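Visitor: Position in the sequence shown (first residue = 1) + 35 = the working numbering. Where a beta carbon is used, it is the ideal one built from N, C-alpha and C, also for glycine. Keep in mind it's a predicted model, so treat the numbers as computed, not measured. One structure, pasted below without further comment.
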Amino acid sequence: MEILGKKWIVPLLIFLLFYETTTFSQLKKHLKVTSRGLSTKLKVLEALGLVEKIISISTRKVAYTLSEKGKETAQMLLGLAANITN
């Protein structure tokens, strides 16, 4: 829970829940976060098993997606938010 309270963690999880697979540039653009901040948060989420890095060898592109654990966590956060607003 401590990690979820850190800046950009929840927006990253929610964004990836809705957009499923996205690139570093798209995340940076939509969340308006610095490259350094985004890189740090993605590494933390990867280490926790919430985000997976997908590397396409043929196109040399890197994308990010939620793992099953990440999807469950993001959906739980949406459920909490829905209960708070009701």
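#1: By a C-beta neighbour count over all protein chains shown, 10 Å radius and 16 as the cutoff for buried, is V97 buried or exposed?
#2: Within the chosen definition, does the region 75-94 reach the region 38-57 through at least 3 CB pairs nearer than 8 Å?
#3: Helix, strand or coil for L67? Go by DSSP, reduced to three states.
#4: Just tell me which of L113, G105, K42 and E107 has its CA closest to the CA of L66.
#5: Please name the residue in K106, T69 and M111 whose C-alpha comes closest to that of Y54.
#6: Contact check, T100 vs I92 under 8 Å by CB: the rounded distance?
Guide: Here's the rundown:
#1: Position 62 of the sequence shown, counting from 1, holds the residue named residue 97. By the neighbour-count rule (16 or more Cβ atoms within 10 Å), V97 is not buried but exposed.
#2: yes
#3: Reading the sequence shown from its first residue, position 32 is the one you call residue 67. Sequence check: residue 67 is Lys here, not Leu. Residue state, collapsed to three classes: coil.
#4: On the sequence shown, residue 66 is found 31 positions in, with the first residue counted as 1. L66 has its Cα closest to that of K42, out of L113, G105, K42 and E107.
#5: The residue labelled residue 54 in the question sits at position 19 within the sequence shown. Considering only alpha carbons, the answer is K106.
#6: Here residue 100 refers to the residue found at position 65 of the sequence shown. Here residue 92 refers to the residue found at position 57 of the sequence shown. So it is not a contact: roughly 17 Å between Cβ atoms.
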